[in-house]
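K.L.:
Below is a structure I'd like to ask you about.
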Amino acid sequence: MSGHVVEDILGYAREGCALRERFFAENAEHIARVARTMAVCLARGGKIVLCGNGGSAADAQHLAAEFVNRFQIERPPLP
């Protein structure tokens, strides 16, 4: 494989890592606040409704699966 192709791939990977790092550094507090709000909602018997169109629908479906299945820790599914 050509060296410049490999360098391009590595460059895109570094760029993606830097973007994610910046995003989470700038938004960690917001994400934590949303997570707390969602936890309180569920604890009070409320619902979390997820929706999307196209690729966003796939993201919503993925997030719903994360809530009802156990991926990283053993736990009961969220209601």
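UniProt numbering applies: residue 1 is where the sequence shown begins, and numbers increase by one. For every residue, glycine included, the Cβ atom is placed at its ideal position computed from N, Cα and C.
1. Below 7 Å between beta carbons: does that hold for Cys51 and Ala39?
2. Roughly how many whole angstroms lie between the Cα atoms of Glu7 and Cys17?
3. Considering only their Cβ atoms, is the gap separating Leu42 from Pro77 smaller than 7 Å?
4. To the nearest angstrom, report how far apart Gly3 and Gly11 are at their CA atoms.
5. Pick out whichever of Ala65, Ala28, Ala25 has its Cα sitting closest to the Cα of Ile48.
6. Looking at the unbroken alpha helix (DSSP H) that takes in Arg2, where does it start and where does it end?
P.N.:
Working from what's here:
1. Walking along the sequence shown from the start, residue 51 turns up at place 51. Walking along the sequence shown from the start, residue 39 turns up at place 39. No, they are not a contact pair.
2. The residue given as residue 7 occupies position 7 in the sequence shown. The residue given as residue 17 occupies position 17 in the sequence shown. When rounded, the distance between both Cα atoms is 15 Å.
3. For the purposes of this step, residue 77 is identified with residue 77 of the sequence shown, where counting begins at 1. For the purposes of this step, residue 42 is identified with residue 42 of the sequence shown, where counting begins at 1. No, Cβ-Cβ distance for Pro77 and Leu42 is not below 7 Å.
4. Stepping through the sequence shown from its first residue, residue 3 is reached at position 3. Stepping through the sequence shown from its first residue, residue 11 is reached at position 11. Answer to the nearest angstrom: the Cα atoms are 12 Å apart.
5. Along the sequence shown, one-based indexing puts residue 48 at 48. Of Ala65, Ala28, Ala25, the residue nearest in Cα terms is Ala65.
6. Your numbering for residue 2 matches position 2 in the sequence shown. A small correction: the amino acid at residue 2 is Ser; Arg does not occupy that position in the sequence shown. That residue, Ser2, is in no alpha helix (DSSP H); it is neither H nor E in DSSP.
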